[in-house]
Every structure is written in structure tokens, then in C-alpha cells.
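In my numbering, the protein residues as written are 49 to 724.
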């Protein structure tokens, strides 16, 4: 943190460049005022030189403190970006023209920076993946700790929803053939670094709206300030008392009454919100998405890979009458020995654990494996004259009846029972006879039910989206604790559901990881793609969760709400400050012309000079005092919006009125003692 502060101090001076200052119109007024008072120090202005110098110093300090606040927020992002840049380095890789080049060892070694979108690359164990892409051949363990911080390798394989790989990660085992999906300089890692550093940060609509409001207030005060010199000159002549206000006093008064506190911190609040999101391992592609997350009230969640682990596991063997459980387990294990899917491996393990049925020795001539295909929807083995098959219930029913055998009603009852429980049934058949059903259970991720309960308290409705039948979907929805579900969902159904809620005035968020989720992610107001998902899902989303946790959106919503609350609280404090400074300073400035105004000098400020200087000093120092709050954010509480509003008005509204009276008076006392 010390290095960040040291870097921020240097940046605070660099940001005095007028090209930087003009980006913040409120602080640009302070900038112009500081330049004018610097020049006026060399000319007689009707006030002591020490006063002119003091005002000038504290106006420049006001600018430096505002620049420092923004630089600290940027420094945090820079520190995070530096760690990401370590993962981004140029490597040599093997480019191929097609998959046959692997067998022929026909590789072309090129630099990763020379790769183009659509190129095929061959990456072996211990080699770094050179660019973002989709796996088109192979399956391997990939170390993504450079991106996610998670040390455990993850599986990446061709097909399905786990085919996307990120440049800068490392293949741990086996090999992958990857089709590059991004041009050099446009990779996911490049975008992460740019967003974390804030180089591509654009002002959000709320931020722009607030800035327009602040500019309007500043213009009003600027108009008033311009008229003060001729007005006080005329009034002093007419009243026969006092004198016109000095130009330096008018400039100082303008800076004090303009909303400089929130103007100084508005940028750092937004950057700090981005930084807090990055700490949660979520990359937002726009600040607008974070603010929208703060207003989300409907959340759509894809079931597989988000609510559930995505790998179904065998949990029970359910035989039909007349068949023993061990006989069913033996046949199911035989049919799964060559099945390398998570489901197939779990069947082999369950049979071994329950009945100690262990590995078998086969001769190649007596075994014929039946691989699963989308057309047949079954797999199995021909072994020593026995035909063993396993597959989906409807497929196996057709298979049995096609052989002229009877499909038992008891099997239908078991299948229906498993579906109602939220599981997936696999029917096992041996030589045309149904042996029973393997119960594959979707594993709901730990902690999701509690997290969904928290979302409910925040007024967020959770909806699970799945391609399962309604019975299975209802069971998993009940176990996960979601409010509603959409079964047998297609990409069109998802988009229609999102549009339906949006037309009713809701803000909709969605998490997903598959290519079929991409259209719905593009439609949603807040779209968080899982890092384990496909490239299409990542490109459609406006946020990417590096931890691939569906409940992460809870933290994102809290950060979004916290960002809005922080900006609102500091805006309230700043405007309340201006009101207080107005009543504190104006009476003492004008009682020379109108002695009756001395009755309004309730603070008993010593003189017009110490009063205005005290206000300028307070105006600068309060920015420093509020920097930690701007960076950390107002504490979020799970309360109704009306309660939060009342709390913030009481704390920051009343606090903003009281604070200037206390501290300006204290500073005035010190200045009066020094001057005397």
C-alpha cells in the first residue's frame, strides 16, 4: 500500500495537466481559480499578501488532494493489473493447418504475437496457452491460477461448455488443439488489464447525470460570484460603509460554495467500485453493468455448471423385481468401463464401493465397446456373448420393444420416481432384459441455498433455467432454494423470459456458461459469464466471474448497491456542506457593508479574512478525510431502500451541515491566534 501512495503522490502532480483537469468541470473551476489567485499574488488586490498566498496554496492543495484520491483508486487497479501482466508474455507455439498435422508432426513454430483469429495451435503438457481460443481436439488439465488465483487445475476439453481456454494459462497434462478466437492485443487478458487499470473506463449514465447536476450548481455559483464585485462596490457606496470584495475573496468564496467535495471524489468512487469488484475475482466490461447490478431485482441462473456442479454422479442402483442389486451393478459397471465421462466413472466407483466389484481382465477378442452417440443415445459392451446397454429411458424402451421383449411397468415407475427426485435415470438392459435403473444425481453446489435466501431478503427473485423436464427441474429448484424455474428451456425461451420481465420494468441479471446461454446473456441488463464457460458466453456477457460461482452475483449486487449508496451519501454530504458554509461565511463577509448581518454571525468568526480562509482550508482538508470512505465505500446493509435513505440523510445530511460549523470555527480560532 505504501508503494501505491508514493505512486499516487507523483500522479497527483501529473494530473495538474489542463488536459486532465478539464475532464472534471467542477475541479477545472478550482484549477482556473488557483491559477488566477497565483497571478493576483503579484498585484495589489486590497487584501494582505499573506492572505493571497494562503488562499492560493490551499486552492492548489484542494486540486492535489482530489488528484490524489483518484490516483490512489487507480493505483489499486494498477497493482492488480501488474500481477495480470506477469501472466501475459510472448511464447513460442506450434501452429498447424489441420488435425492431420499432429500425426505427421508437421508443426510450424511461431511467436504467439503473430497468431491470427482462426489459427489452429497445438499445445502440449507444461506449455503455456498462447492465446484465447476454443478447444477443437483433446482434453487436458489446465492451470488457470495466473488468471483466477485458484491453484487447482481445471479440465478443458473439446465440445460442451468447458471448451474455452484463456491465453496465459498453462496446460498441465495431455495436449490440446486450440482454435484462436481473438486477435493480438484483444485477448481476454488484455481486456482484463485495460479494465482493471481503468484505461477503458467510461463514465456511467448515473455518473454523467450527477456531473451535469454538479456543473449546473457550479454555474449558478459562478454567476453569483461574477456579480459580487460590482454589487458590493455599489452597495458600499450606497450604504456609506465597508468596501467592495476583493477578487481573491470572490474566487475563494466560489470554490467554497461550489460542490467541490463530491466533484473531487466522484471519479475515485467509480474506480474504487471497479477495484472492489476485481477483488471478488469478477471482471466488469463496463461500469454501467456494476451500477445496473445495484438495481437488479430478477436473477436468472443456468442450472448445469452454475447451480449444480455439472457432473452427475451415480448414487443408487434400483433393480426391477426379480433382479438383484448386485447383478444390476455388475452389468452397469461393465457397460461403463470404457466410459471416460464423469457419469461413467461414478458408476464404476459406486459398484466397486457397494459390492467390491473391481477391475476385470479382458482379451481384446472377447470385448466390443459400444460408444455413446447422439443418434443412438446409448452405450455399452458386447462381452462373452452378452449384450449390455445403458441409456436414456425412452431410448432403452424402444430398444427393448424392437427386440420383441417386454419392457416392465416397474421400470417406468422407477424412472418416474427418479425424475421427481430431480435425478437422471439410466436404464440398463442385458440381452434384451431390463435389469433396472442407475440413479444419476445432480449435485447442488454447497452454500447456494443460503445465498439465494440472502438474495430474497434483498428483494431479488431467483429463477433457475434448465433443459430438464418439469419434474426434475421442480425437484432441483426446491433443493437449491430458488423462487421459480423454467424447464425444457431453449435459447428462445430464455430470451422471451428476460424480455417479459424487462417489459414489466424489472432489471434482469443472468449467469451462464454455455454457447446456448449467449443470446440470453446479450439480452440481460447484467450478464455474468462463468470463466469455465465457452468463448461465446464470455463475449455475450458484460461481466466474467473468474471463480465460476453462480452465487457471486450476490457480491456483485452488493458492490453495485454500495457504489450507488456511496455516491449518494457523499453527494448529500457535499451539498449539505455547501449550505452550511454559505450560512457560516456569507454573514461575516458582508457585515462591513450591512452591520445588521452581524446578528447572523452565529459562529462568531473573527474577521472576513479568517472566515474565508478557514472555509478554504476546511474545503481542502475534508477531501482528504473522505478519501478512505470513497475508496472503501459506505457499509452495505440488507435493509429496505427507504430505511437506508433515512439513515444516510441523518448521518451524511445532518453531518454535512454540522461538520463545517465545528471545524471552520476551530480553524478560525487558530488563525485568529496566529494573526494576533
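We put the CB at the ideal spot given by N, CA and C, even for glycine.
A residue is called buried once 16 or more other Cβ atoms fall within 10 Å of its Cβ, and residue 122 is buried on that count.
The C-beta distance from residue 173 to residue 228 rounds to 20 Å, too long to fall under 8 Å, and the pair is not in contact. Listed in chain order, the non-local C-beta contacts of residue 709 below 7 Å within the same chain comprise 628, 632 and 651, local neighbours out to five positions each way being set aside. Annotation: residue 92 is outside any beta strand (DSSP E) and is labelled neither H nor E by DSSP. The criterion of a C-beta distance shorter than 8 Å is not satisfied by residue 509 and residue 612.
Secondary-structure assignment with DSSP links residue 473 through a beta bridge to 487. Rounded to whole angstroms, the gap between the alpha carbons of residue 64 and residue 58 is 11 Å. Shown here for residue 176: same chain residues with a beta carbon closer than 6 Å to its own, the five before and five after excluded, namely 139 and 218 in chain order. For residue 362, the enclosing beta strand (DSSP E) has its first and last residue at 361 to 367.
Only residues of its own chain outside the window of five on either side were considered, and among them 594 and 595 have a CB closer than 6 Å to the CB of residue 329, listed in chain order.
Within the DSSP bridge table, the entry for residue 416 names 430 as partners.
For residue 657, same chain residues with a beta-carbon under 7 Å away, outside a window of 5 residues either side, are 95 and 99 in chain order. Secondary structure remark: continuous alpha helix (DSSP H) runs of at least 4 residues inside the stretch 153 to 230, in chain order: 193 to 196.
Around the beta-carbon of residue 479, fewer than 16 other beta-carbon atoms lie within 10 Å, marking it exposed. DSSP, read as helix, strand or coil, puts residue 682 in coil. Judged by DSSP in its simplified three-state form, residue 141 adopts strand.
Put simply, the backbone Cα of residue 66 is about 13 Å away from that of residue 112.
A direct Cα-Cα distance of roughly 20 Å separates residue 623 from residue 679. The C-beta distance from residue 467 to residue 517 rounds to 6 Å, short enough to fall under 8 Å.
Under the DSSP assignment, residue 277 falls in the alpha helix (DSSP H) whose first and last residues are 253 to 287.
Residue 481 has 478 as its beta-bridge partners, per DSSP. Restricting attention to 445, 436, 559 and 470, the CA atom closest to the CA of residue 511 is found in 559.
The stretch 692 to 710 makes contact with the stretch 603 to 617, as at least three CB pairs between them are under 8 Å.
The beta carbons of residue 74 and residue 262 sit about 5 Å from each other, so the pair counts as a contact at 8 Å. Annotation: residue 667 to residue 338 spans about 30 Å, alpha carbon to alpha carbon. For the options 69, 80, 144 and 154, the alpha carbon positioned closest to that of residue 114 is the one of 69. Its chain contains 512, 532 and 533 as the residues whose beta carbon lies nearer than 8 Å to that of residue 525, once the 5 sequence neighbours on both sides are disregarded; these appear in chain order. One Cα belongs to residue 403, the other to residue 494, and the distance between them is close to 29 Å.
The DSSP-derived three-state label of residue 609 is helix. In this model, residue 605 and residue 110 are separated by some 33 Å (Cα to Cα). Distance check between residue 445 and each of 465, 430 and 474 places 474 closest, using alpha-carbon atoms only.
Counted as a single uninterrupted DSSP element, the alpha helix (DSSP H) harbouring residue 148 occupies residues 148 to 151. Cβ neighbours of residue 120 within its own chain (closer than 6 Å, five residues either side excluded): 56.
When secondary structure is reduced to three states using DSSP, residue 552 falls in the coil class, being assigned neither helix nor strand.
Closest option to residue 178, judged by alpha-carbon separation, among 151, 225 and 145: 225.
Contact holds between the stretch 288 to 301 and the stretch 630 to 650, because three or more Cβ pairs, one in each stretch, are under 8 Å apart.
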